[in-house]
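First up is the structure itself, then whatever we jot down about it.
Numbering (the numbering used here), first residue to last: 6 to 163.
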């Protein structure tokens with residue numbers, strides 16, 4: 006199974022969760038803590054995305070409705086897409102300039118989803134920071150050992 010298929014979103018669970026601390030006066034402010042809790046499921050067993058949105062009062066219902074309304078935008082997409090692993094060139098250039106202006110000497114890029122896209126984004130970074138800065142690759146456990154060795158053979162020049 007390819008790494009992008011493994012991270013493709015195939016289902017969700019959405020819960021409106023309440024931590025009723027006000028009933029027992031467990032907290033000094035004695036309010037209930039409410040949360041919309043979302044789980045994104047992928048083809049790969051145990052590879053899930055989890056998210057919370059904490060609210061007060063009964064705003065969680067609104068958050069849950071908003072999430073349900075937008076789920077069609079995430080089905081069939083990969084976790085990396087949803088969590089902004091892929092930036093457009095203009096955004097990459099902007100982030101590089103910010104990092105340089107703030108004095109960073111090392112930059113990190115998320116890779117591993119799409120080989121050609123990884124190469125394109127690393128080239129953009131190198132255009133902006135040349136080889137005077139270190140660029141670190143982070144595949145976030147997307148590859149197995151053989152894949153990591155193979156991909157890094159091609160990425161080593163950067």
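Ideal placement from N, C-alpha and C gives every residue a C-beta, glycine not left out. Note that the structure is predicted; figures quoted are calculated from it, not measured.
Give the secondary structure of residue i by DSSP, where H, G and I count as helix, E and B as strand, and everything else as coil.
{"i": "residue 24", "result": "strand"}
{"i": "residue 145", "result": "coil"}
{"i": "residue 161", "result": "coil"}
Tell me the rounded alpha-carbon separation between residue i and residue j.
{"i": "residue 19", "j": "residue 66", "result": "11 Å"}
{"i": "residue 91", "j": "residue 112", "result": "Annotation note: pLDDT 49 at residue 91 (below 50); position unreliable, coordinate value reported separately. In a straight line, the C-alpha of residue 91 is about 15 Å away from that of residue 112."}
{"i": "residue 95", "j": "residue 24", "result": "43 Å"}
{"i": "residue 127", "j": "residue 152", "result": "18 Å"}
{"i": "residue 121", "j": "residue 159", "result": "11 Å"}
{"i": "residue 155", "j": "residue 81", "result": "27 Å"}
{"i": "residue 21", "j": "residue 74", "result": "15 Å"}
{"i": "residue 69", "j": "residue 41", "result": "6 Å"}
{"i": "residue 60", "j": "residue 37", "result": "9 Å"}
{"i": "residue 133", "j": "residue 150", "result": "31 Å"}
{"i": "residue 93", "j": "residue 99", "result": "10 Å"}
{"i": "residue 136", "j": "residue 146", "result": "26 Å"}
{"i": "residue 64", "j": "residue 77", "result": "22 Å"}
Thinking C-beta only, is residue j closer than 7 Å to residue i?
{"i": "residue 48", "j": "residue 71", "result": "no"}
{"i": "residue 14", "j": "residue 79", "result": "yes"}
{"i": "residue 108", "j": "residue 148", "result": "no"}
{"i": "residue 140", "j": "residue 124", "result": "no"}
{"i": "residue 17", "j": "residue 39", "result": "no"}
Within the continuous beta strand (DSSP E) that includes residue i, where are the two ends?
{"i": "residue 52", "result": "Looking at the DSSP string, residue 52 is not in any beta strand (DSSP E), and its letter there is neither H nor E."}
{"i": "residue 61", "result": "From DSSP, residue 61 is part of no beta strand (DSSP E); its letter is neither H nor E."}
{"i": "residue 38", "result": "38-47"}
How far does the alpha helix (DSSP H) with residue i in it extend, from its first residue to its last?
{"i": "residue 125", "result": "120-134"}
Does at least one heavy atom of the ligand PLP sit under 6 Å from the Cβ of residue i?
{"i": "residue 101", "result": "In the structure on display, the ligand PLP does not appear, and there are no ligands present to speak of."}
Residue ranges of each alpha helix (DSSP H) within the stretch 64-117, 4 or longer: List check, alpha helix (DSSP H) in window: 65-75, 84-87 and 94-106.
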